[in-house]
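For the sequence shown, the numbering used here begins at 5 and goes up steadily by one. Note that beta-carbon positions come from the ideal geometry of N, C-alpha and C, so glycine has one too. As the structure is a computational prediction, the values presented were derived from the model and not from experiment.
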Amino acid sequence: MKHGLFLTALLFAAAPAAAGEFIVVGDLPYNSAQEVTFREAIAPAIVAADVPFVIHAGDIKGSKEVCSDALLIERRDAIYALKPGRVFYTPGDNEWTDCDRDSSGLAMREYDRLDRLRVLFFDPAPEPPEALSVVRQEGYPENVRWWDGESLFLTLHIVGTNNGRRQILLDDVDDALARVDARDAANAQWLDAAVAEAMARNARAMIVAAQADLTEPWGSGPCTASKRQECDAFADIRDRLAHAAATFGKPVLYIHGDTDPYCLDRTFGGDTAPNLWRLNGAGDYAVIDAVRVTVSPGEETPFKAATLLDGVAPTDGC
Numbered sequence: 005m006k007h008g009l010f011l012t013a014l015l016f017a018a019a020p021a022a023a024g025e026f027i028v029v030g031d032l033p034y035n036s037a038q039e040v041t042f043r044e045a046i047a048p049a050i051v052a053a054d055v056p057f058v059i060h061a062g063d064i065k066g067s068k069e070v071c072s073d074a075l076l077i078e079r080r081d082a083i084y085a086l087k088p089g090r091v092f093y094t095p096g097d098n099e100w101t102d103c104d105r106d107s108s109g110l111a112m113r114e115y116d117r118l119d120r121l122r123v124l125f126f127d128p129a130p131e132p133p134e135a136l137s138v139v140r141q142e143g144y145p146e147n148v149r150w151w152d153g154e155s156l157f158l159t160l161h162i163v164g165t166n167n168g169r170r171q172i173l174l175d176d177v178d179d180a181l182a183r184v185d186a187r188d189a190a191n192a193q194w195l196d197a198a199v200a201e202a203m204a205r206n207a208r209a210m211i212v213a214a215q216a217d218l219t220e221p222w223g224s225g226p227c228t229a230s231k232r233q234e235c236d237a238f239a240d241i242r243d244r245l246a247h248a249a250a251t252f253g254k255p256v257l258y259i260h261g262d263t264d265p266y267c268l269d270r271t272f273g274g275d276t277a278p279n280l281w282r283l284n285g286a287g288d289y290a291v292i293d294a295v296r297v298t299v300s301p302g303e304e305t306p307f308k309a310a311t312l313l314d315g316v317a318p319t320d321g322c
């Protein structure tokens, strides 16, 4: 009996420890039907779930919904109530970049909307538990870094619409592009700082969340001083992310939304960073659900995912 107990304890100790679980939601609600589903099914399931935090990967409203303060406040209160103090939200293009379209019902300058969004969501930001060791980037409060177990998490403000370089309809174009350049620089600095911290504290995994699908730019070739809009606005951060993962050398997951399908890609990092994965979350108009993500750095498959309501696994490969 003692031998059996010893063997059981030995096997348990040798098993790779899971860093934990968390929930990702994004690209919803986009319309009144999705709002009902979110309010009556998804939100209660998230509230009941025993997870330490939630990531909202952007697009808290549909592109054709007006970008009013009232709607932003309503959606802010709804997502922040899921886990008070433990919801990490990174903006999507529907909240600001695309607000200058007539199709929204009331076209507004996109940078007015971004400035207002930062006030409404992050001034002040929700007060998190000390255990998560939350840090926000100065000047970019939506960029946040935190710990759960032996995993380091961070958000980067990268959005669709070619990261804000296309369809600048009401703002001064040169000023808007200068602000994109500044945000790109801030994202690069934030990612570099996260890698340095992860290595200094011997993290076992890193998870990066943003809205944009880095594989679907609205142009080709890198953005330069002379080519600022008809370019691949994600080229630099895509390369930086692969380099960061290669430098870190342990499992890294990039979580995003904005496109279909709901999938988990094991080859995102290519030859440069075979340890870099990506999860294209649920939401949009395809799979209306949140996603529970499990992080197990010591296992052959370090990241697993399933929808919260129906337990649907993502497609293997994007």
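### Task
Given a cut-off of 8 Å, decide if Ala-229 and Ala-277 are closer than it, judged by their beta-carbon atoms.
In the sequence shown, the residue the question calls residue 277 occupies position 273. In the sequence shown, the residue the question calls residue 229 occupies position 225. In this structure, Ala-229 does not lie closer than 8 Å to Ala-277 by Cβ.
### Task
Along the alpha helix (DSSP H) that carries Val-295, what are the first and last residues, could you check?
Sequence index remark: in the sequence shown, residue 295 carries index 291 (1-based). It is not in any alpha helix (DSSP H) - Val-295 instead sits in the beta strand (DSSP E) that spans 295-299.
#### Entry: Integer-rounded CB distance, given that Trp-281 should sit under 8 Å from Val-256
Against the sequence shown, residue 256 aligns to sequence position 252. Against the sequence shown, residue 281 aligns to sequence position 277. Contact holds; Cβ gap of about 7 Å.
### Task
Could you give the DSSP three-state label for Thr-251: helix, strand or coil?
Locating residue 251 in the sequence shown gives position 247, where the first residue counts as 1. Here Thr-251 sits in helix by DSSP.
### Task
Compute the Euclidean distance between the alpha carbons of Asn-284 and Arg-270, then round it to the nearest angstrom.
Translated into the one-based positions of the sequence shown, residue 284 becomes position 280. Translated into the one-based positions of the sequence shown, residue 270 becomes position 266. Going from the Cα of Asn-284 to the Cα of Arg-270 covers about 12 Å.
### Message
Mapping the DSSP letters down to three states, classify Trp-100 as helix, strand or coil.
### Response
Here residue 100 refers to the residue found at position 96 when the sequence shown is read from its first residue. Here Trp-100 sits in coil by DSSP.
### Query
How is the alpha helix (DSSP H) around Val-91 delimited, first residue to last?
On the sequence shown, position 87 is the one that residue 91 refers to. First-last for Val-91: 91-93, but that is the beta strand (DSSP E), not the alpha helix (DSSP H).
### Task
Tell me where the alpha helix (DSSP H) around Thr-165 begins and ends.
Within the sequence shown, numbered from 1, the residue matching residue 165 stands at position 161. Its alpha helix (DSSP H) spans residues 164-168.
### Residue span of the alpha helix (DSSP H) that contains Leu-195, given as start and end
Here the question's residue 195 lines up with position 191 in the sequence shown. Unbroken alpha helix (DSSP H) run through Leu-195: 177-204.
### Message
I need the DSSP call for Tyr-144, collapsed to helix, strand or coil.
### Response
Translated into the one-based positions of the sequence shown, residue 144 becomes position 140. Strand at Tyr-144.
### Task
Specify the secondary structure class of Glu-25 as computed by DSSP and reduced to three states.
As a first step, residue 25 is located in the sequence shown; it is residue number 21 there, counting from the start. Note: Glu-25 maps to strand in three-state DSSP.
### Query
Would DSSP call Ile-2 helix, strand or coil?
Only positions 5 to 322 of the chain appear in this structure, which leaves residue 2 out of reach.
### Message
According to DSSP, simplified to helix, strand and coil, what is Thr-159?
### Response
Position 155 of the sequence shown holds residue 159. Thr-159: strand per DSSP, three-state reduction.
### Task
Take Asp-226 as the anchor and find which of Asp-243, Gln-215, Ile-211, Ala-216 has the nearest alpha-carbon.
The count along the sequence shown starts at 1 and reaches residue 226 at position 222. In the sequence on display, residue 226 carries Pro and not Asp. Closest by alpha carbon: Asp-243.
### Task
Could you tell me whether the region 115-126 touches the region 51-70, where touching means 3 or more Cβ pairs closer than 8 Å?
no
### Task
Give the single residue among Asp-104, Phe-57, Leu-158 whose Cα lies nearest to the Cα of Thr-94.
Here residue 94 refers to the residue found at position 90 when the sequence shown is read from its first residue. Per the Cα distances, Leu-158.
### Query
Can you tell me whether Leu-110 is buried or exposed, with buried defined as 16 or more other CB within 10 angstroms of its CB?
Indexing the sequence shown from 1 puts residue 110 at position 106. Looking at its Cβ environment, which holds fewer than 16 other Cβ atoms inside 10 Å, Leu-110 is exposed.
### Query
What residue does the beta strand (DSSP E) around Thr-311 start on, and which one ends it?
Within the sequence shown, residue 311 is the residue found at index 307, counting from 1. Counting along the chain, the beta strand (DSSP E) containing Thr-311 begins and ends at 307-311.
### Query
What does Cys-267 pair with, by DSSP beta-bridge criteria?
For the purposes of this step, residue 267 is taken as the residue at position 263 of the sequence shown. Cys-267 pairs with Asn-284, Thr-319.
### Message
Beta-carbon within less than 6 Å of Ala-239's beta-carbon, same chain only, minus the 5 sequence neighbours each way: which residues are those?
### Response
Mapped onto the sequence shown, residue 239 falls at position 235. The residues are Pro-226.
### Query
When you compare each of Arg-183, Asn-98, Asp-54, Ala-47 to Asp-325 by their alpha carbons, which one comes out closest?
An answer regarding residue 325 cannot be provided, because it is not within the stretch 5 to 322 covered by the chain.
### Query
Given Arg-113, which residues of its chain have a CB within under 7 Å of its CB, disregarding the five upstream and five downstream residues?
If you number the sequence shown from 1, residue 113 lands on position 109. If we look at Arg-113 and ignore the five residues flanking it on each side, its Cβ neighbours are Asp-104, Leu-174, Asp-175.
### Task
Give a yes or no on contact between the region 187-202 and the region 149-166, applying the rule of three or more CB pairs nearer than 8 Å.
yes
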